[in-house]
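Colleague: Quick one: structure below, then a few questions.
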Amino acid sequence: MCCFSSRQVFSFSFSFSFSVLLNLSSSVLDYKNSGALNGLTSSENAAPADAKNLRVKLVLLGDSGVGKSCIVLQFVRGQFDATSKVTVGASFLSQTITLQDSTTVKFEIWDTAGQERYSALAPLYYRGAGVAVIVYDITSPESFKKAQYWVKELQKHGSPDIVMALVGNKADLHEKREVPSEDGMELAEKNGMFFIETSAKTADNINELFQEIGKRLPRPSQPSS
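For reference, each letter of the sequence shown is one residue, going -27 to -1, 1 to 198 in mature numbering (1 follows the signal peptide of the UniProt record, and there is no 0).
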């Protein structure tokens, strides 16, 4: 039997909490330095009402191990790392895409930790987000249940005009599928979301996911002449 003194437990708790807060502070600093302070804004280099240059805060939510970080890494860097480490608190990256109508969209991406012990921090990340991407693993019914939880949380506490996407990841493991595509489509349809299945490993539908999000973003209203 392993025993710890109260001092050891306190030291561990303090170190754990401090590391999470340090990670959060670093992510917030990166986010502020990017210039994106609202859920959806026009580009800082464009006119305030320029609907052709958008910048949006996007948060990824989902159970641990569903591949949120792998989706982001594939989208931003075109890489897949099967040994990627579990996210602590949240990580921050950005990527810009161009839509078919020549609109540019800069995504400020918050990749959140999926472990239960970090769930209390999630509202800090999705507050003010213009987009929420809820990810589950098609081989894990438990992760699909967690996705349903995040849908409800965002409906209660998210921005009223937030764009929500439901993503069934690890589509390359179709022979191990335990969550039918129909279940994902039904959940998305009932909650006004769009649904897509992706594979971060093969990059299948990764770019399509973010292109579709970009199409659904509200455009800044044009000033009256």
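Cβ coordinates follow ideal geometry from the N, Cα and C atoms, glycine included.
For my contact list, Gln47 and Ile179 are in at a C-beta cut-off of 8 angstroms; report their separation, rounded to the angstrom.
Modeller: Yes, they are in contact, since the Cβ atoms of Gln47 and Ile179 sit about 5 angstroms apart, within 8 angstroms.
Colleague: Please report the distance separating the alpha-carbon of Cys43 from that of Ala55.
Modeller: Their backbone Cα atoms lie some 8 angstroms apart in a straight line.
Colleague: Using only CA atoms, which one of Pro153, Gly40, Leu34, Phe117 lies nearest to Thr175?
Modeller: Gly40
Colleague: When you compare the CB positions of Phe167 and Ala138, do they come within less than 8 angstroms of one another, or not?
Modeller: yes
Colleague: When the distance is taken between beta carbons, is Ser172 closer than 8 angstroms to Asp134?
Modeller: no
Colleague: Count the other CB atoms within 10 Å of the CB of Gly141; is the residue buried (16 or more) or exposed (fewer)?
Modeller: buried
Colleague: Quick check: the region 109 to 116 against the region 151 to 164, are at least 3 beta-carbon pairs closer than 8 angstroms?
Modeller: yes
Colleague: I need the DSSP call for Asp84, collapsed to helix, strand or coil.
Modeller: strand
Colleague: Considering just the uninterrupted stretch of the alpha helix (DSSP H) at residue 238, what are its terminal residues?
Modeller: Residue 238 is absent from the model: the chain starts at -27 and stops at 198.
Colleague: Does the Cβ of Glu159 have 16 or more other Cβ atoms within 10 Å, making it buried, or fewer, making it exposed?
Modeller: Of the residues assessed, Glu159 falls on the exposed side of the cut-off, its CB having fewer than 16 other CB atoms within 10 angstroms.
Colleague: To the nearest angstrom, how far is the alpha carbon of Val104 from that of Glu155?
Modeller: 23 angstroms
Colleague: Distance, Cα to Cα, Ala24 vs Phe183?
Modeller: 17 angstroms
Colleague: I'd like to confirm the pairing. Which residues does DSSP put opposite Ile107 in its beta bridges?
Modeller: Ile107 is bridged to Leu34, Leu139.
Colleague: Quick one: using the 10 Å Cβ neighbour count with 16 as the cut-off for buried, is Asp84 buried or exposed?
Modeller: Looking at its Cβ environment, which holds 16 or more other Cβ atoms inside 10 Å, Asp84 is buried.
Colleague: DSSP three-state call for Phe53: helix, strand or coil?
Modeller: coil
Colleague: With a Cβ-Cβ cutoff of 8 angstroms, do Asn164 and Val136 count as a contact?
Modeller: no
Colleague: Quick test of your reading: Ser116 and Gly35, contact by CB under 8 angstroms. State the CB separation rounded to the nearest angstrom.
Modeller: Their Cβ separation, rounded to whole angstroms, is 7 angstroms, which keeps Ser116 and Gly35 in contact under 8 angstroms.
Colleague: Among Lys129, Val32, Leu72, whose alpha-carbon lies nearest the alpha-carbon of Leu66?
Modeller: Val32
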